[in-house]
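Before any comments, here is the structure.
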Amino acid sequence: MLDECKALSNGTRLRILDWLKDPAANFPCDDGAGPGVCAGLIQHKAGASASTVSAHLAILQRAGFLQATRRGQWVYYRRDEARIRAFTEALQRNL
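The sequence shown maps to residues 1 to 95 in UniProt numbering.
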């Protein structure tokens, strides 16, 4: 649970999770039918360098909050809602 809390301790990572909660509203190019949101769109919205956003996405993925799908040279991200729900339930039980 500590790794998950550390992953959530950054404002940019929290915003990324929030944006991915409703991809169609936050990324106009996303219709919700694809494998997720392209890392480039997340980078553009975050206004940060590719390496910085990539590091944030990797941390969120290692914590289990994001799933990544590679299609050719592109990587698409979406929230792992079941994992997020399990974390919040565990947090509620343990606090």
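Every residue, glycine too, gets a C-beta built ideally from N, C-alpha and C.
It should be emphasised that the depicted structure is a prediction, and the values quoted were computed from it without experimental measurement.
Buried or exposed: residue i, going by 16 or more other Cβ atoms within 10 Å of its Cβ?
i     : result
His56 : buried
Gly36 : buried
Leu91 : exposed
Arg79 : buried
Pro23 : buried
Leu41 : buried
Can you name the start and end residues of the alpha helix (DSSP H) that residue i belongs to?
i     : result
Ala50 : Ala50 to Arg62
Leu8  : Here Leu8 belongs to no alpha helix (DSSP H), and DSSP marks it neither H nor E.
Gln67 : Where Gln67 is concerned, there is no enclosing alpha helix (DSSP H), although the beta strand (DSSP E) it sits in stretches over Leu66 to Arg71.
Gly40 : Ala39 to Ala46
Leu91 : Glu81 to Asn94
Pro23 : Pro23 to Asn26
Less than 8 Å between the CB atoms is what I'm expecting for residue i and residue j, so what's the real figure, rounded?
i     : j     : result
Arg13 : Ile59 : 6 Å
Asp3  : Ala82 : That belief does not hold up - the Cβ atoms of Asp3 and Ala82 are roughly 17 Å apart, past 8 Å.
Phe65 : Ala25 : Phe65 to Ala25, Cβ: 19 Å. No contact.
Is there contact here, the region 18-31 with the region 40-47, by at least three beta-carbon pairs under 8 Å?
yes
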